[in-house]
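Working notes for the structure below.
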Amino acid sequence: MMITISTFYVFTAIDPSQLITEKAWLLEIMKQHHILGTILLAHEGLNATICGEDAPLTECIAAIKARYDCDFRQTLSAHESYPFHKAKVRIKPTLVKLGAEIHDATHVGTYLSPREWNELLEQEDVVLLDTRNVYETHLGTFKGAIDPNTRKFNHLPAYTLEHLAHAKDKKLATFCTGGIRCEKYTAWLKEQGFTQVYHLEGGILRYLHEIPEEESLWEGSCYVFDDRVAVKHGHAVDREASNCPNCGHTLTAKDLTSEHYVHGVRCRHCDSYPPSNYDLLEPQTVSH
Numbered sequence: 007m008m009i010t011i012s013t014f015y016v017f018t019a020i021d022p023s024q025l026i027t028e029k030a031w032l033l034e035i036m037k038q039h040h041i042l043g044t045i046l047l048a049h050e051g052l053n054a055t056i057c058g059e060d061a062p063l064t065e066c067i068a069a070i071k072a073r074y075d076c077d078f079r080q081t082l083s084a085h086e087s088y089p090f091h092k093a094k095v096r097i098k099p100t101l102v103k104l105g106a107e108i109h110d111a112t113h114v115g116t117y118l119s120p121r122e123w124n125e126l127l128e129q130e131d132v133v134l135l136d137t138r139n140v141y142e143t144h145l146g147t148f149k150g151a152i153d154p155n156t157r158k159f160n161h162l163p164a165y166t167l168e169h170l171a172h173a174k175d176k177k178l179a180t181f182c183t184g185g186i187r188c189e190k191y192t193a194w195l196k197e198q199g200f201t202q203v204y205h206l207e208g209g210i211l212r213y214l215h216e217i218p219e220e221e222s223l224w225e226g227s228c229y230v231f232d233d234r235v236a237v238k239h240g241h242a243v244d245r246e247a248s249n250c251p252n253c254g255h256t257l258t259a260k261d262l263t264s265e266h267y268v269h270g271v272r273c274r275h276c277d278s279y280p281p282s283n284y285d286l287l288e289p290q291t292v293s294h
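The numbering of the sequence shown is this note's numbering, which starts it at 7 and goes up by one.
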């Protein structure tokens, strides 16, 4: 039996005084439909990666849309087993923590479909930025992308002001796992005076789902925040990717051959990236 995985986010106003009530409702609807996974809940909306059998998952998603009177596009994939072990709803002050003030979060960059994304990247003088953290970019990224080597998403604004000021009048293309981080980041970029800001709609996950490997500009695999660890084109699981049980950093097959690697104990990243120094396994989501 295959399990369907749904990744989605939606910005919709939720009364802060009702968040506990909404958490209880979401947990109950997940329980009724035997859905596992994580939903982040904030006054600004929902950010989720959940999974279950196809029909019950469809019913659960429909109930969520009706509850919040909203619509959203999902990125769907399939797996041979449940990549989550529990149903969780976490109340957060914000869906993603940028660490910088945004006056108008709706004034975001220009969305590009996966095919439009390929067309943009073929143009000259495009600055391509990976907005994800270092343990994610370690497994893969788009060819030619700038890796800011950030350990937390809220480090990105400082990096931008220091290293990307020259790109304010250039085409700046941003991407993340499922799209939600770029929603916040591109809104902030525009307020900082960046004039041509783009982001990949649906993120890397939709790109890997829609673009055939032979037409792809992606290199490596994409880190996801569940038991699969990472996926490749068509959302096939990257069986060679893993996490260090000590520091949580991602590991490739090459990492396992390092002299600093001790199975089940430590890896070559442990000294440089202790868990407290980055957003370890925090569902941003795989949407997100």
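Even glycine gets a Cβ: it sits at the ideal position worked out from N, Cα and C.
Delimiting residues of the alpha helix (DSSP H) encompassing residue i
{"i": "glutamate 225", "result": "Here glutamate 225 belongs to no alpha helix (DSSP H); instead the beta strand (DSSP E) covers 224-226."}
{"i": "threonine 112", "result": "Unbroken run through threonine 112: none, as it is neither H nor E."}
{"i": "leucine 127", "result": "120-127"}
{"i": "asparagine 140", "result": "For the record, residue 140 in the displayed sequence is valine; it is not asparagine. Per DSSP, valine 140 belongs to the alpha helix (DSSP H) from 140-143."}
{"i": "glutamate 317", "result": "No answer is possible for residue 317: it lies beyond the span of the chain, which begins at 7 and ends at 294."}
{"i": "threonine 166", "result": "162-169"}
Residue i - partner residues in DSSP beta bridges
{"i": "serine 83", "result": "Ile11"}
{"i": "alanine 236", "result": "Tyr229"}
{"i": "valine 132", "result": "Lys177"}
{"i": "isoleucine 97", "result": "Leu47"}
{"i": "phenylalanine 17", "result": "Gly51"}
{"i": "leucine 257", "result": "Ser248"}
{"i": "tyrosine 117", "result": "His205"}
{"i": "arginine 272", "result": "Val268"}
{"i": "valine 243", "result": "Val237"}
{"i": "isoleucine 152", "result": "Leu135"}
With 16 other Cβ atoms within 10 Å as the buried cut-off, status of residue i
{"i": "lysine 149", "result": "exposed"}
{"i": "methionine 8", "result": "exposed"}
{"i": "proline 251", "result": "exposed"}
{"i": "valine 292", "result": "Because valine 292 sits at a pLDDT of 37, beneath the cut-off of 50, its placement in the model cannot be relied upon, and the following sentence gives the value as read from the coordinates. Buried, since its Cβ has 16 or more Cβ neighbours within 10 Å."}
{"i": "serine 23", "result": "exposed"}
{"i": "arginine 245", "result": "exposed"}
{"i": "glutamine 80", "result": "buried"}
{"i": "phenylalanine 189", "result": "According to the sequence displayed, residue 189 carries glutamate and not phenylalanine. Looking at its Cβ environment, which holds 16 or more other Cβ atoms inside 10 Å, glutamate 189 is buried."}
{"i": "arginine 121", "result": "exposed"}
{"i": "histidine 255", "result": "buried"}
{"i": "lysine 238", "result": "buried"}
{"i": "isoleucine 26", "result": "exposed"}
{"i": "lysine 184", "result": "Residue identity differs from the one stated: residue 184 is glycine in this sequence, not lysine. The residue is buried, with at least 16 neighbouring Cβ atoms inside 10 Å."}
{"i": "proline 99", "result": "exposed"}
{"i": "threonine 1", "result": "Any question about residue 1 goes unanswered here, given that the chain covers just 7 to 294."}
{"i": "histidine 266", "result": "exposed"}
{"i": "leucine 270", "result": "Rather than leucine, the amino acid found at residue 270 in this sequence is glycine. Exposed: under 16 other Cβ atoms inside 10 Å."}
{"i": "proline 218", "result": "exposed"}
{"i": "serine 278", "result": "exposed"}
{"i": "aspartate 136", "result": "buried"}
{"i": "valine 203", "result": "buried"}
{"i": "isoleucine 11", "result": "buried"}
{"i": "glycine 199", "result": "exposed"}
Minimum C-alpha distance to residue i - residue among the options
{"i": "phenylalanine 17", "options": "Glu128, Ala54, Thr81, Thr116", "result": "Ala54"}
{"i": "tyrosine 74", "options": "Arg96, Ile35, Gly51", "result": "Gly51"}
{"i": "tyrosine 88", "options": "Ile41, Ser248, Ile26", "result": "Ile41"}
{"i": "histidine 172", "options": "Thr201, Gln24, Glu86, His255", "result": "Thr201"}
{"i": "histidine 91", "options": "Ile56, Ser248, Arg79", "result": "Ile56"}
{"i": "phenylalanine 231", "options": "Cys188, Tyr141, Ile108", "result": "Tyr141"}
{"i": "arginine 138", "options": "Tyr165, Thr156, Leu82", "result": "Thr156"}
{"i": "phenylalanine 14", "options": "Glu28, Leu82, Tyr165", "result": "Leu82"}
{"i": "glycine 226", "options": "Leu206, Asp233, His161, Ala247", "result": "Ala247"}
{"i": "leucine 195", "options": "Thr180, Leu206, Lys238", "result": "Thr180"}
{"i": "alanine 242", "options": "Thr183, Ser264, Leu214", "result": "Leu214"}
{"i": "serine 222", "options": "Tyr267, His169, Leu127", "result": "Leu127"}
{"i": "leucine 46", "options": "Tyr117, Met36, Leu101, Gly58", "result": "Leu101"}
{"i": "valine 95", "options": "Leu211, Pro218, Ile35", "result": "Ile35"}
{"i": "glutamate 65", "options": "Cys76, His39, Thr44, His49", "result": "His39"}
{"i": "cysteine 228", "options": "Asp277, Thr258, Ala30", "result": "Thr258"}
{"i": "lysine 177", "options": "Val132, Thr44, Gly209", "result": "Val132"}
{"i": "leucine 170", "options": "Thr147, Leu134, His144, Val235", "result": "Leu134"}
{"i": "tyrosine 117", "options": "Ala19, Arg212, His144, Thr143", "result": "Arg212"}
{"i": "glutamate 207", "options": "Glu86, Ala193, Ile186", "result": "Ile186"}
{"i": "lysine 174", "options": "Val268, His113, Thr192", "result": "Thr192"}
{"i": "aspartate 233", "options": "Trp31, Gln198, His85", "result": "His85"}
{"i": "alanine 19", "options": "Cys253, Ala236, Thr166, Thr112", "result": "Thr112"}
Residue interval of the beta strand (DSSP E) (run including residue i)
{"i": "tyrosine 204", "result": "202-206"}
{"i": "glycine 146", "result": "146-148"}
* **Those runs of the beta strand (DSSP E) which lie wholly inside the segment 22-78 and span at least 3 residues** => Runs found: 42-48, 51-58.
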